[in-house]
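Protein chains in written order, with our numbering: chain A, 11 to 466; chain B, 77 to 685; chain C, 2 to 111; chain D, 18 to 495. We put the CB at the ideal spot given by N, CA and C, even for glycine. Remember, it's a predicted structure, so these values are computed and weren't measured experimentally. Step one of this worksheet: look at the structure below.
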Amino acid sequence: MSALVLLSVLGVVLLYLGLFSGRGILAPVGILGLLAALVLFAADWHLESTLFGGLVIFDTYARSFSLVLVVVTVLLFLFGMDYYAKVRENVAEHYALMVFSLVGGVLICSFTNLVMLFLGIEILSIPLYILAGGKRDSFRSGEAAFKYFLQGAFASGFLLMGLALIYGATASFDLAAIEAWSAVTANGGNMLFLLGLFLTLAGLAFKVAAVPFHFWSPDVYEGAPTLITAFMSTVVKTAAFAAFYRFIANIQLPGAVENMLVVMTLFTLFLGNIVALRQTQFKRLMAYSSIAHTGFLLLAFLGTDGRTPDVLFYYLGTYALATVGLFIVLTLAKRAALGDENIRIFRGLFRRDPWIAIAAMLMLLSLAGIPLTAGFVAKYRVFVLGIANGFIWTTLFAVLMALVGIYYYILVIREAFTPQDQESKELAVAPINWLVISLCGAGVVALGVWPGLLRI
Amino acid sequence: MILASLRRKLSANVAGGLATALIAGSFVASVLLFMGFDPTSGGRTVKLLDWIDVGGMQIPLALRIDALSLTMMLIVTGIGSLIHLYSIGYMHDDERAPTFFAQLNLFSFAMLMLVMGSNFLITFIGWEGVGLCSYLLIGFWYKTPEYNYAARKAFVMNRIGDVGVVLAMVLLFQRFGTLEYASIMDMASGVNDPLLIAATLFLFIGATGKSAQIPLFTWLPDAMAGPTPVSALIHAATMVTAGIFLTVRSSVLFELAPFTKDIILWIGTATALLAASIGLFQNDIKKVLAYSTVSQLGYMFVALGLGSYSAAMFHVTTHAFFKALLFLGAGSVIHALGGEQDIRKMGGLKGHIKITYFTFLVGTAAIAGLPLLSGFFSKDLILAFAFQRSPVIFGLLLFGALLTTFYMFRLLFLVFYGTYRGKAHPHESPLTMTIPLMVLAVLSVVGGLLNLPHLFGGHEPMKHYLETAAAGIGYEHLELSALTEIILMGITTTLVGFVIYVAYGRFVKTTTLEGEEATMPVFKRLIAQRWRIDELYRALFEKPYAWLSTNLLAVAEKKVMVPLMNGVGDAAIRVGDVVRRVQTGNASFHLLAMLCGLILFLVITLMSN
Amino acid sequence: MEQGIITAIRTVPLDHYVLLSFLLFSIGVAGVVFRRNTIIILMCVELMLNSVNLLLTAFSAYHSDPRAQVFVFFIMLVAAAEVTVGLSILVMMKRNVDSVDVNQLNRLKG
Amino acid sequence: MIAALLLLIPCISALALVILRPAQARPIALVSTLASLAVVVFAWISYTGGMVLHYDLDWMNAWGLRFVVGYDGVGLLMLILTAVVFPFIIGAGYGQQHDRPAIFNGLLLFTQTFLFGVFLAQNALLFYIFYELTLIPVFFVLLYWGGENRRNITVRFFIYTLLGGLSLLFGLVYLLIQSGGNGDFTALQALNIPGGTQVWLFWILFLAFAIKLPIFPFHSWQPETYYMAPLQGTMVLGAVMLKMGLFGVYKIVFPIVPLGVEHWQSTVILLALIGAVYAGIIAFRQSDFKRLVAFSSLSHVGVLCAGLFAWNTYGISGSLYQAFAHAILVVGMLYLVGAMQERVGSTDMNAMGGLKSSMPRLAALFLLVLVNAVALPLTQSFVGEWLMFAGLWQVDGWLTLLAVSTIVLGAVYMLYAYQRVMLGPDRANQQLPDATTRDHLYLVPLIAVTLILGVHPGPILELVDAPVLQLLSSLSVN
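So this is what it looks like as structure tokens:
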């Protein structure tokens, strides 16, 4: 698959560019490269191409998710043009590492072999450990990087153990073979398989920040540079979910594991939403909100339904859109507030810049799941799936938690639409940021009104 | 119809004249209708338009012309015209006279609606309408807080009664599927249904509100806050008789519910006595008349309770004459004294305002039931019916009648005899005020002819006339021998004469004035303080209600409901605060927590395997 | 793989390999969770990975399937990369707080 | 065509106002609402009965969401209500000073759009979407232009209302699954859900409307929200938005979970009436005019809801009819609140009293609005209340007694309020202007509507009659 090669090369090129020329052309080159990859992904849409001797297969599912990953990365690069404007060091490395991470993301969207799953996850993660510590002189950034790394490696261990056990039970790393095996073998009969499945899911749950494997996410979201936080909560999350679903989609899950997933869903929904209630740091709030959204997405996993990938795709795509926009707005507000990240900094946003405020409002409403935004359609579909698959009470709980979720988003909106107490600095909005924010804001509404636009 | 013209609002200075002309016009129209009406036809219904028509409920906006409504129309428009005329003089100096006349006309409209309605709901329009007008007119002088209070009290008490009427209507509709009087009365005859008892009781509750019976009578004395013509028209002659009218209208139903009739009888008796006793020591000229009204209404209800509907209507008519007369006379006195209402500050007015004196005398005599005056016939008819039922009731009523005689003559004597005790210079009222007085005086004298009993060579024309409209009248039978009747009349008349003598001795010869309440003996003080019923109601209802209102808000709403709502949210936030502590920030702890979670999930998985 | 070695491996029952690697894994986990020195924690992570390697090799032998051994190489590669990044982060940490105690890192919380 | 116009006229005007922010925002908004009114009147005239379907477009058919709009008699009544009331709501802005009037009026027009949507929707999920959307502009109206403590109260209101909304969503999704993915009302109404399920599903669905109305004990958001909201916001909330609750019960709860309704009927009626009496009693000692209106509205709504749940022809028609009357009443009362606030400077009744001397005309207008509030015969409210009482009686006599007692409570607090505002001795140095032309232009039409429909309720009752009969007969068949 040429797109994969192109992306890898792009990363290397960016690194070299960093050595030789100014920072100015990094983002444009990166964007160009990504767009080229986009074209390559989109070409031969219906062709299923395999790679690496069948370790990877680019089917519609993989192509769709890859497209979203690349598009979101493009948006982030656009944002990066302004974000890195004043940074002197290591900009090229940042871009390059993001591209590398993206490659990992693409790989786990398309894996057909557990080896590739593991490799993909590591390719995705290792650059992130570095990126999280991107602000080298910032204590918080360092702490974030360390915590992320430590917990990531820890979780990798479990994941690996799980993979090894699955292999031990099924004698294969190949997904199709495992699926076939699981279909034949009686559910839960094989302890090794059960344990392996359990540990693998735990490892994957770590990546999507499901409770109780979520501990890294608030700290890392808060400590990492905003751009990287945005990258993590969009690209990484999307890829991780794509992998998660790809893994369990066709495996006959033993009832016990399914129960565990239900409990995990409930825990995740509960903790993400409830703890977010009292967050005052916007990035932390977004971290918990991200955990909460993980809960909703997990709900879509429960049971098997042909519509799940579509729902997942739509949910993650629109979630990424809203999140990217919001992190850009945060950056703008943060600059005006001299680095503060408390949600107070949004106060008076509507007076300072009505358009940005309205776009932010739309994105927040989308995250909250209010009708006519994409978030509503996404949540609605999740609920439909939940009930259709028979998880009525879990869905009811999710609905209740959606209400809790609305509360903290509304608090941010409230800040934006309350006149500020004292004059704070004007919002300086670079045209490129304005463009991206507008795109995201308009996007969540457009996708909410025409949900058919975003589907696998 | 005649009603349309009545609705017109009046604004010009000639409002009074115009209003009077209008109501007089409707009086003429009523008379014409009366002349052209053939009682044997039973009555006819004029449908104006469909009002409520939904899902099987058809209630047209229709009027019914029959003997009963015509009688009431004549009373309302006739006395109404006189009082309008009177008001021109009385309200001469008030800058808001046009408003006054507009409201008075609105009242006439509502009252006519009440009596002419062809079904309960139309009657109810008028029923509530007169309530509203009563509210407006009592509170006409809106700057005085007490008057506003009185107005509200009147409206609210009426409203309580209205609840009864609404329930009765709902019940009747449920039972009969219609609210048309004619249909219900047709269908009801012969029906034996406990529902009817309930319905009639509810109707009676409505009647106690409107017609000021126990327990809802306290508003009427307070209603004297309004201008005197209002007191005469609304609170003496017309509106308060609405309850009697409604009962007569549904006489068929009441005939089928003897239990209700008994209740009416006893409440009527009790009201008659209670109000009469209170009248004994009142010092406000209008209050005396007000309690007398309540008492007389009690007599009417006694008549209803005895099943003697024609007697009740007869008394309604005569009472309208003499009580309007008395009120207008009182108004004339007040007018003469420039607003003074305390009889202790009057006296000896006989010489100053002769016409008023003379007409007032006629009115007093009529209400006391001096022979051959209108009150004599109507009251004695009721007494006769009472005697037929039970001598005890007769005795009680007779006692009430004597009390009436006593306080009325007390009033007469204190106001017009003796020496003048006030300061203002009394002057006779203008012609617009005295003409109505004279007309009413004549009516009070000859009103008895309307229903002259057989004993005096009459044929009870009114009874036979009304019988065509209110079938219940057909059930009443007075089966006393002529001798018994004569004896009863004799007893009554003798005792009345004696009481007048006593009153004369007490108030003309010696002019006994009531002192301060504090100096009275306990029992007398209790009566003078109106049995402290107002205070009782205030303590029983008003204060607890206000307390409840304050505390429901302060406690139930603010301490329970709102905290309950907020509590759920706060609880969620507090839980969030607790759960949040798990995120200690300590990397090792995070790892440990992850591990514990993992083990927990493992246990869950293995347990459910 | 040579048949002889496979035979040699198979002289020990599979369960024992599994138990052993579980044990090693658990030691690694315990070390990660309870030790405070970051370097030791990193070593314990390596221990976890290596226990998996052991397990995979055993499975490989029992399944007569070389693919698992390839995977083992991948794991070693990734472990190396991870440690590289990990150590560099460690250096950054040392520079920032002048300590390698994990408990020093607790500013981000709540 | 009508549906499209109704959705587009306010929506486009609103967008124009928000984006272009013209100086003359209010007249534009007024013209827009009048245009909507004209369309609705046209629809009314050309309505011949039955269900009028306008559009049937694909939106997310696979997920049960179709864009189906149309109306039956009841829907039309609600459209009329919305269309009639909104010009008044916009018009009430002429005594108010607003920051950013263009956006304010734009938001109001958005609300109108969504309200039309709610009343037009024939697909349950479309209904839900519009139902929730109405909240958004109102949220901002309250948040940005509200009074003291608006930040907390607005959020509380929003969350509380959404609690019901999400519960409704859950219920609808559940139903959707039962019907095999068809979310049209016709499909959902055809479902035969087992009685046991209906018993809990009833509350899942009804909760939304119970909070929206609100009935006791879900009402505690209401008084403070009404008080804090800007005048026009309160009007929107009280006059139109709560009618969505009634409409929802009629459209969703009754036909879909009839057994549930049967099971809970007396409970709901009892709660509603307890609330009616409760609010009626509290209103008596309320010294703030606006809060008084809030509590009186609460009391009225209790009776409305009880009437609806009488679940027979009279009860439902009466309740729907009364919904109209109540809308007119609320707008009238609140306008008076505004008028007094303009003159006296606050809504505290302790600062008023004796105002009749300086403003006799306004006092007269007040009185005319008030007679509707106490449901005097020949006003609109009486017709509705009478029908509701008649309907309730068929359910239970004692409950009827409770319901009827509210007419006494209403008289008590309304007259007391009138007295405290208008009557009593003159206050010194109060030379306040009497009713202006604007006041007359505003209140006289409202009063006229009240009286005309009080004497001749036929046209409205006709609209309601057939659909209600149809609903009830279809239920008795099942």
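>> By alpha-carbon positions, which one of D/Leu409, D/Tyr243, D/Asp305 and D/Ile45 ends up nearest to D/Tyr111?
In response: D/Ile45
> If you draw a straight line from the alpha carbon of A/Trp460 to that of D/Trp76, how long is it in whole angstroms?
Replying inline: 7 Å
>> Whole angstroms are fine: how far does the CA of A/Ile355 sit from the CA of A/Thr328?
In response: 25 Å
>> Below 8 Å on C-beta distance, what does A/Phe491 contact in chain D?
In response: Not covered by the structure: residue 491 of chain A. The range shown for chain A is 11 to 466.
> When DSSP labels each residue in this structure, what does B/Gln358 get in the three-state scheme?
Replying inline: coil
> Can you find a CB in chain A that lies within less than 7 Å of the CB of B/Val679?
Replying inline: no
> Going by Cα to Cα distance, which pick from D/Leu440, D/Val429 and D/Leu259 is closest to B/Ala622?
Replying inline: D/Val429
> Which whole-angstrom value is the C-beta distance of B/Met245 and B/Leu197, which I expect to be below 8 Å?
Replying inline: 7 Å
> What's the C-alpha gap between D/Leu49 and B/Val232?
Replying inline: With the sequence shown as reference, residue 49 of chain D is identified as Ser, and Leu is not the correct amino acid for it. Going by the C-alpha atoms only, they are around 43 Å apart.
> For D/Ser375, which option in D/Leu23, D/Ala204, D/Met357 and D/Asn389 has the closest C-alpha, if you only look at C-alpha atoms?
Replying inline: D/Met357
>> DSSP three-state label for A/Trp444, please.
In response: helix
> Would you call the CB atoms of D/Pro104 and D/Phe127 closer than 7 Å?
Replying inline: no
>> Restricting to runs no shorter than 4 residues, where is the alpha helix (DSSP H) found entirely within the region 348 to 409 of chain B?
In response: 361 to 381
> Closest to B/Leu277 by CA distance: which of B/Thr569, B/Trp203, B/Leu213 and B/Ile339 is it?
Replying inline: B/Ile339
> Quick one: complete alpha helix (DSSP H) runs, 4+ long, within the region 410 to 438 of chain A?
Replying inline: none
> By DSSP, does B/Gly156 sit in helix, in strand, or in coil?
Replying inline: helix
>> Excluding the 5 residues flanking D/Trp281 on each side, which residues of the same chain have their C-beta closer than 6 Å to its C-beta?
In response: Phe219
>> DSSP has B/Arg465 in a bridge; who is on the other side?
In response: DSSP, once it has assigned bridges, lists no residue as partnering B/Arg465.
> Tell me which same chain residues have a C-beta within less than 6 Å of the C-beta of A/Ile397, skipping the five on either side of it?
Replying inline: Thr405
> Quick one: what does DSSP say D/Leu23 is sitting in, helix, strand or coil?
Replying inline: helix
>> Which of the three DSSP states is assigned to D/His71 in this structure?
In response: strand
>> Please tell me whether C/Lys95 has its Cβ less than 7 Å away from any Cβ of chain B.
In response: no
> Count the other CB atoms within 10 Å of the CB of D/Met302; is the residue buried (16 or more) or exposed (fewer)?
Replying inline: It is Arg, not Met, that sits at residue 302 of chain D in the sequence shown. Classification of D/Arg302: buried, given that the 10 Å Cβ count is 16 or more.
> Looking at C-alpha atoms only, which residue of D/Leu159, D/Gly92, D/Tyr148 and D/Thr151 is the closest neighbour of D/Asp116?
Replying inline: D/Leu159
> Where are the alpha helix (DSSP H) runs, 4 residues long or more, that stay fully inside the region 328 to 389 of chain A, in chain order?
Replying inline: 359 to 362 and 364 to 378
>> Can you tell me which residues form a DSSP beta bridge with B/Asn195?
In response: B/Glu256
> Closer than 7 Å, CB to CB, is B/Asp646 near chain A or not?
Replying inline: no
> Name the chain C residues that come within less than 9 Å of B/Gly661, Cβ to Cβ?
Replying inline: Leu106, Asn107, Arg108, Leu109, Lys110 and Gly111
>> Please state the DSSP three-state secondary structure of A/Trp55.
In response: coil
>> Using a Cβ distance threshold of 8 Å, determine whether the region 129 to 136 of chain A contacts the region 108 to 117 of chain A, with at least three qualifying pairs required.
In response: yes
> How would you label A/Tyr26, buried or exposed, when you count the other beta carbons within 10 angstroms and need 16 or more for buried?
Replying inline: exposed
> Hey, does C/Val13 have any beta-carbon neighbour from chain B nearer than 7 Å?
Replying inline: no
>> For a cutoff of 7 Å on Cβ pairs, would you count B/Gly652 as touching chain A?
In response: yes
> How should B/Phe398 be labelled, buried or exposed, when 16 other C-beta atoms within 10 angstroms of its C-beta is the threshold for buried?
Replying inline: buried
> Any idea what DSSP makes of B/Ser81, helix, strand or coil?
Replying inline: At B/Ser81 the pLDDT is 42, less than 50, meaning the model places this residue with poor confidence and gives no usable figure here.
> If you count every other CB in all the chains shown that lies within 10 Å of the CB of D/Gln239, and 16 or more means buried, which is it?
Replying inline: buried
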